[in-house]
Each structure stands twice: as C-alpha cells, then as structure tokens.
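A short worksheet on the structure shown next.
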Amino acid sequence: MAIKEISQHESLRLRGADQPPFIVSEYGWYVTEGEHLSGVLFLDKTDKDYGFAVLGRDEDGIHRWIDGEHSFTTKSEAHDRLMAMLTKYEESGKTVFPQSNPDW
C-alpha cells in the first residue's frame, strides 16, 4: 500500500468541490494507490485545533467523508493519526464506500 501527498487542486478534483470549507485551513492532502481513499489534514479556525478527514470514493466516484477526528494540539499528531486511519481503510480491501452504508 502506498499513500502519497497530492496538491490541494488534485484533492478538490477528487472531492468534486471547487474550494475547501471556510472554517478550516487545509495543510495536507493525501491519496492511496488507486485513488479510492483520500485524506485531508486541517486546522479548525474556530477553536484552533488540528484534525483530519478520511474520504472514500462513493458509487458516483466522488470522495466523501467516511471518518475523521479533531482536537489534536499539533499538526504532527493529526498527521500520524490520519496516516493510521488511511492504512486501516486501505487494508479493509474495500474500494467503494457507499454513503448509504454506515459500516464501511
């Protein structure tokens, strides 16, 4: 399994969005081999803590939220946890994460 860092522009293409949510500053974007999972590392502007979101490709090929955490005091802590979560979902063998199924 390989996780690689990508640009913000590439991440927006996967998410089908033209910009990140206004309440966060994004600091890192990652994708797994095959592009069925991606992740974003962010700073929550409202309470100044770090977090991440794990996004999985749905039936329409768009990456949507499937997991995430917040309230990390450092970017490094959030990054390490994001990498662990991407690895967990990658190792599940799933390549599609339907929004109608909460048990990915």
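For the sequence shown, this note's numbering assigns the number 1116 to the initial residue and increments by one for each residue that follows. Don't be surprised by glycine CBs; every beta carbon is placed ideally from N, CA and C.
Span separating the alpha-carbon of residue i from that of residue j
{"i": "V1211", "j": "I1181", "result": "11 angstroms"}
{"i": "H1194", "j": "V1139", "result": "15 angstroms"}
{"i": "A1117", "j": "K1160", "result": "30 angstroms"}
{"i": "R1130", "j": "L1158", "result": "18 angstroms"}
{"i": "G1176", "j": "R1196", "result": "25 angstroms"}
{"i": "E1206", "j": "F1137", "result": "32 angstroms"}
{"i": "K1209", "j": "E1192", "result": "26 angstroms"}
{"i": "W1219", "j": "E1184", "result": "Confidence is the limiting factor: at W1219 the pLDDT is only 49, short of 50, which leaves the residue's position unreliable and the question unanswerable from this model."}
{"i": "T1202", "j": "S1215", "result": "22 angstroms"}
CB of residue i within 8 angstroms of CB of residue j, strictly
{"i": "G1171", "j": "L1156", "result": "no"}
{"i": "M1198", "j": "V1169", "result": "no"}
{"i": "Y1204", "j": "L1127", "result": "no"}
{"i": "E1174", "j": "P1213", "result": "yes"}
{"i": "Q1262", "j": "E1148", "result": "Nothing about residue 1262 can be reported from this structure: the residues present for the chain run from 1116 to 1219 only."}
Supposed contact pair residue j and residue i - C-beta distance, whole angstroms, cut 8 angstroms
{"i": "Y1145", "j": "E1125", "result": "About 10 angstroms separates the two Cβ atoms, so there is no contact after all."}
Interface flag, residue i vs chain D, CB-CB below 8 angstroms
{"i": "S1122", "result": "Reference to chain D is not applicable here, since this structure consists of a single protein chain."}
Going residue by residue through the stretch 1117 to 1162, where are the continuous beta strand (DSSP E) segments of at least 3 residues, counting only ones entirely within it? 1118 to 1121, 1139 to 1147, 1152 to 1159
Sufficient close CB pairs (3 or more, under 8 angstroms) joining the stretch 1161 to 1170 to the stretch 1184 to 1203: Yes: the two stretches touch, three or more of their Cβ pairs being nearer than 8 angstroms.
Kindly provide the ranges of any alpha helix (DSSP H) runs that are 4 or more residues long and lie completely inside the stretch 1174 to 1214, ordered along the chain. 1190 to 1206
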